[in-house]
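Trainee: This structure is in structure tokens; I'll ask about it shortly.
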Amino acid sequence: MRTRRWLSVYFLLAAFDIAAVSISLYLNHLIVSRYAESIEVNRDWADRQGIYASLGQLAATVNTPGNDVFATGDIDAEEARLAARAEDFRVRLREARRELVLDIDPADAGPLLDLLDRSAQEMEAAVASGLSIFDALRAGDAHAAGQRMAAMDRRYNRARDYLTELDARVRLIQRRTLDAQAAAAADLRRFEFLVGAFIVLMVVGVTAYGRLLVRQTHRAARERERYLAEIAGQRARLEAVFRTAAEGILTVRPDGAIESANPAAGAIIGVEPGDLAGRPVRSLLAPDAPIPDAPGVAIETVGRRGDGRAFPLEVALSAPAPAPGGGVTTWIIRDISERKRIESELAEHRDHLERLVEARTAELEDTHARLRASERLASIGTLGAGLGHDMKNLLFPMRCRLDALDRLDLPDPARAELAQIRAGLDYLQNLSRGLRLLSLDPEDPEASGGVTDIARWWDEVGALIERSLPAGARFTARIDRDSPPVRVAPHMLTQAVLNLVVNAGDALGAAPGDVGLTVRHTDRTVTIRVEDTGRGMTREVRDRALEPFFTTKQRGLSTGMGLSLVHAVALAAHGSLRIDSEPGAGTTIDLTLPVGVNADPDAQADSPASPAGAVTAVVSVRDARLGAFASAVLRAAGARVIRASALNGFTSPAVWVTDRPDPAQRDRFLAADRRNRIVSLAADIDPTPGLIRADDAGRTDRFRRILAEALSAAAGAGGETPT
910 MRTRRWLSVY
920 FLLAAFDIAA
930 VSISLYLNHL
940 IVSRYAESIE
950 VNRDWADRQG
960 IYASLGQLAA
970 TVNTPGNDVF
980 ATGDIDAEEA
990 RLAARAEDFR
1000 VRLREARREL
1010 VLDIDPADAG
1020 PLLDLLDRSA
1030 QEMEAAVASG
1040 LSIFDALRAG
1050 DAHAAGQRMA
1060 AMDRRYNRAR
1070 DYLTELDARV
1080 RLIQRRTLDA
1090 QAAAAADLRR
1100 FEFLVGAFIV
1110 LMVVGVTAYG
1120 RLLVRQTHRA
1130 ARERERYLAE
1140 IAGQRARLEA
1150 VFRTAAEGIL
1160 TVRPDGAIES
1170 ANPAAGAIIG
1180 VEPGDLAGRP
1190 VRSLLAPDAP
1200 IPDAPGVAIE
1210 TVGRRGDGRA
1220 FPLEVALSAP
1230 APAPGGGVTT
1240 WIIRDISERK
1250 RIESELAEHR
1260 DHLERLVEAR
1270 TAELEDTHAR
1280 LRASERLASI
1290 GTLGAGLGHD
1300 MKNLLFPMRC
1310 RLDALDRLDL
1320 PDPARAELAQ
1330 IRAGLDYLQN
1340 LSRGLRLLSL
1350 DPEDPEASGG
1360 VTDIARWWDE
1370 VGALIERSLP
1380 AGARFTARID
1390 RDSPPVRVAP
1400 HMLTQAVLNL
1410 VVNAGDALGA
1420 APGDVGLTVR
1430 HTDRTVTIRV
1440 EDTGRGMTRE
1450 VRDRALEPFF
1460 TTKQRGLSTG
1470 MGLSLVHAVA
1480 LAAHGSLRID
1490 SEPGAGTTID
1500 LTLPVGVNAD
1510 PDAQADSPAS
1520 PAGAVTAVVS
1530 VRDARLGAFA
1540 SAVLRAAGAR
1550 VIRASALNGF
1560 TSPAVWVTDR
1570 PDPAQRDRFL
1580 AADRRNRIVS
1590 LAADIDPTPG
1600 LIRADDAGRT
1610 DRFRRILAEA
1620 LSAAAGAGGE
1630 TPT
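Those letters in the sequence shown? Residues 910 to 1632, per our numbering, in order.
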């Protein structure tokens, strides 16, 4: 019975609770709905007020260009601005009118629409007056423009009055709506007494429900004991995790003092975990080290060990855990010394790799530039050869006709004219010979003889060399016609002297100056001096002037091979090249060559001055400039150099420099004598005993060392080499 009665009371209280809550929720719903409706209506009317206020602002912008044009004077710009502002006003007015028609009760919308229409009419009239202002200004009638501006202002003020009246009507409607909503809310207050009665019933029910609460309290106590036992077990497990974690864990109180530390944290800092308790957590960091301030974000900072040594440390902290007196923060610390060391090594390797890539890229670009320069030089040589040949073909019949005219009985004035014509033909004949000599390859041993008669050579190339100077340069040549022949081929001498004269002309720049060429001799040498009054050289430029591909001129205008070629010619003839220059004092260059004897050109080798018993070297390289550089280095070291397209046709070479070694010839060459050496410029050749790879020949210092090593290994080689 008691149980049944308790159940009856329980269900009755439950019914009262449900009824009270339902009615309360319903009343709250009504009140909230009323307030929400009131807020929505007020917001709609407030939005309309904003729209009408913006119409007033747009109306002001429409009126502005008509007034501003008197200040700016820019009629077209102000007229365009007026048209744009008027269109904006019309668009905004149409939007406001459409919103009133769709959303507002017709009784309220009618007067508002009427005011909008009147405002629109006045603004259209104001726009028309504004446009007429610009017409009057274009016609130059300032008085009429002023009258139309006054008319425009009157129309604008009327439109503003209508918009002001519109705003007042909106405020009136808004006030009326608020009053209606307030009356509805007052009606709902009558239900407050009913809600109070239900609350009283609920209090009575709660009192009767006390017996049940007592029983539930006992049951809750038993549950609490069970939960405490579970919490103790979880705490023990968490404590085990805390002590065995591989990363350092610190718990920090709100005042910044360490509450606890696990063994890993003590090992990282270098002290016992118990000694960390109570210490400020800031003491574990270097004085100026950053402190983490964002939960969940790990930062890298600088820690301080127990002995004071600094080390890289990573720290992450948690959000404060809720607790009386303030939350406890957990710090996770990691010693990242090893990681930093690895990162530093990786950065060094990466930087080294980037430097290698940049160096290789620079070498490739330089090689590409040299290739283009070589192609241009080859084209110039071909053009010079063709031009010299065509001039020679044209000059021959002209000379024949002059010879025929000389045999005629002509008056003296005519013979004087013929002499002038013949002098001009002689000049052109020498110019064509100079072009032919200029077009020859300075490294081709079969292009010309091995000695050059200075006087005859100058007669052929003097005009060409003089014409290589700029227009403002004054050229003076002093040639000792009794000079003995020199031990160098004519075309090689031509290109060497031409390079010196061109460089002298370039040193003058755009300013006028003097360039002189002097030839003097002794019993054993002939010295060709080229001097200029140009800007001169600094010590740094003078020290590097003979390096291949070095130039102070713009890339594309110079290959950097001029003085290097002259130096190579001097070394090939066992001569010398001396440079005397100071900044602002001009430059003097002496090319000294040994005296030679005339011989059959066909019997001349590429390097007739090579000493007897010197190491013989064959240079078969497709890149003409690179081959010239290799030949110059080999000759300077005392080798007898032969330029050829392949190894065939030569006997007993000891060093072979090539960029395309034939496998069969390579094997025979290396088998002929164990001291023979091959210097290969090809990058894809397999390493072989006796073969030295020089695929990075663009690095001149290393290329010189490789050639020197090859010559040193081959010195004294006398074995026969198959051909």
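Every residue gets a Cβ at the ideal spot worked out from N, C-alpha and C, and that includes glycine. Computed from a predicted model, the values in this text were never measured in an experiment.
Based on the DSSP output, what are the partners of residue 1499 in its beta bridges?
Mentor: Residue 1499 pairs with 1438 and 1487.
Trainee: Among the residues of its own chain, which have a CB less than 6 Å from the CB of residue 1249, if the five just before and after it don't count?
Mentor: Here the set comprises 1221.
Trainee: If you compare alpha carbons, which of 948, 982 and 1366 is closest to residue 1388?
Mentor: Residue 1366 is the option with its Cα nearest to residue 1388.
Trainee: Please go through the same chain and pick out, in chain order, the residues whose beta-carbon is closer than 6 Å to the beta-carbon of residue 1492, but skip the five residues on each side of it.
Mentor: Excluding residues within five positions, the ones whose Cβ falls inside 6 Å are 1445 and 1447.
Trainee: For the alpha helix (DSSP H) that contains residue 996, what are its first and last residues?
Mentor: Residue 996 -> alpha helix (DSSP H) spans 984–1012.
Trainee: Consult DSSP for residue 1368 and reduce its assignment to one of helix, strand or coil.
Mentor: Here residue 1368 sits in helix by DSSP.
Trainee: Tell me residue 1430's beta-bridge partners as DSSP assigns them.
Mentor: Residue 1430 pairs with 1435.
Trainee: Which residues does DSSP pair with residue 1209 in a beta bridge?
Mentor: Answer by DSSP bridge pairing, in chain order: 1223.
Trainee: Taking contact to mean at least 3 C-beta pairs separated by less than 8 Å, is the stretch 962–977 in contact with the stretch 985–998?
Mentor: Result yes; three or more Cβ-Cβ pairs closer than 8 Å.
Trainee: Tell me whether residue 1168 sits in a helix, a strand or coil according to DSSP, three-state version.
Mentor: If DSSP states are grouped into helix, strand and coil, residue 1168 belongs with the strands.
Trainee: Is residue 1613 helix, strand or coil when you go by DSSP?
Mentor: Residue 1613 falls in the helix class under three-state DSSP.
Trainee: Going by Cα to Cα distance, which pick from 1028, 1035, 1044 and 1564 is closest to residue 982?
Mentor: Among 1028, 1035, 1044 and 1564, the Cα nearest to that of residue 982 belongs to 1044.
Trainee: Start and end of the alpha helix (DSSP H) containing residue 1414?
Mentor: Looking at the DSSP string, the run of the alpha helix (DSSP H) that includes residue 1414 is 1399–1417.
Trainee: Here's the rule I'm using: 16 or more other beta-carbon atoms within 10 Å means buried, otherwise exposed. How should residue 1361 be labelled?
Mentor: Classification for residue 1361: buried.
Trainee: Once the 5 residues before and after residue 1633 are set aside, which same chain residues still bring their CB inside 8 Å of it?
Mentor: Past the boundaries of the shown model lies residue 1633; the chain is included only from 910 to 1632, so the question cannot be answered.
Trainee: Excluding the 5 residues preceding and the 5 following residue 894 in the sequence, name in chain order all residues of the same chain whose CB lies nearer than 7 Å to its CB.
Mentor: Beyond the ends of the chain as shown, which are 910 and 1632, falls residue 894; an answer cannot be given.
Trainee: Using 8 Å for Cβ pairs, my map puts residue 1499 next to residue 1438. What's the rounded Cβ distance?
Mentor: With a Cβ gap of about 5 Å, residue 1499 and residue 1438 count as contacting.
Trainee: Rounded to the nearest angstrom, how far is the Cβ of residue 1158 from that of residue 1190, given a contact under 8 Å?
Mentor: Actually they do not touch by this definition, with Cβ atoms about 12 Å apart.
Trainee: Do you know whose CA, among 932, 1062 and 1013, lies nearest residue 970's CA?
Mentor: When only C-alpha atoms are compared, the closest one is 1062.
Trainee: Helix, strand or coil: how does DSSP classify residue 1548 here?
Mentor: Coil, per DSSP.
Trainee: Can you tell me the Cβ-Cβ gap for residue 1502 and residue 1434, rounded? I've got them flagged as a contact below 8 Å.
Mentor: Going by Cβ atoms, the distance from residue 1502 to residue 1434 rounds to 7 Å, so yes, they are a contact pair.
Trainee: Beta-carbon of residue 1388 versus every beta-carbon of chain B: anything under 7 Å?
Mentor: The structure shown contains no chain B; it holds only a single protein chain.
Trainee: When the Cα atoms are used, what is the spatial distance from residue 1567 to residue 1602?
Mentor: Distance between the alpha carbons of residue 1567 and residue 1602: 10 Å.
Trainee: Let me confirm a value: residue 1404 is counted as buried when at least 16 other C-beta atoms fall within 10 Å, else exposed. Which label applies?
Mentor: Buried, since its Cβ has 16 or more Cβ neighbours within 10 Å.
Trainee: The beta strand (DSSP E) that contains residue 1450, what's its start and end?
Mentor: Taken as a continuous stretch (DSSP letters only), residue 1450 belongs to no beta strand (DSSP E), being part of the alpha helix (DSSP H) at 1448–1453.
Trainee: Taking the straight line between their C-alpha atoms, what separation do you get for residue 1451 and residue 1490?
Mentor: Rounded to whole angstroms, residue 1451 to residue 1490 spans 8 Å at the Cα level.
Trainee: Along the beta strand (DSSP E) that carries residue 1588, what are the first and last residues, could you check?
Mentor: It spans 1586–1589 - the beta strand (DSSP E) in which residue 1588 sits, taken as one unbroken run.
Trainee: Count the other C-beta atoms from every protein chain shown that fall within 10 angstroms of the C-beta of residue 1615, then say buried if there are 16 or more, exposed otherwise.
Mentor: Residue 1615 should be labelled buried.
Trainee: Identify the continuous alpha helix (DSSP H) that holds residue 1157 and give its terminal residues.
Mentor: From DSSP, residue 1157 is part of no alpha helix (DSSP H) but of the beta strand (DSSP E) over 1157–1161.
Trainee: Just to check my reading of the structure: residue 1636 and residue 1237 have Cβ atoms closer than 8 Å, yes? What is that Cβ distance to the nearest angstrom?
Mentor: With the chain covering only 910 through 1632, there is no way to say anything about residue 1636.
Trainee: Are the stretch 952–962 and the stretch 1068–1086 touching by the rule of at least three beta carbon pairs closer than 8 Å?
Mentor: The answer is yes - the stretch 1068–1086 touches the stretch 952–962, with three or more Cβ pairs under 8 Å.
Trainee: Quick check on residue 1310: does DSSP put it in helix, strand or coil?
Mentor: In the structure shown, residue 1310 sits in a helix (DSSP, three-state: H, G or I).
Trainee: Let me make sure I understand the geometry here. Which of 1170, 1454 and 1485 has the alpha-carbon closest to that of residue 1156?
Mentor: Answer by Cα proximity: 1170.
Trainee: Give the straight-line distance between the Cα atoms of residue 1147 and residue 1247, rounded to the nearest whole angstrom.
Mentor: One C-alpha to the other measures close to 29 Å.
Trainee: Could you give the DSSP three-state label for residue 1360: helix, strand or coil?
Mentor: Residue state, collapsed to three classes: coil.
Trainee: Between 1401, 1407 and 1443, which has its C-alpha nearest residue 1419's C-alpha?
Mentor: It is 1443 whose Cα lies nearest to the Cα of residue 1419.
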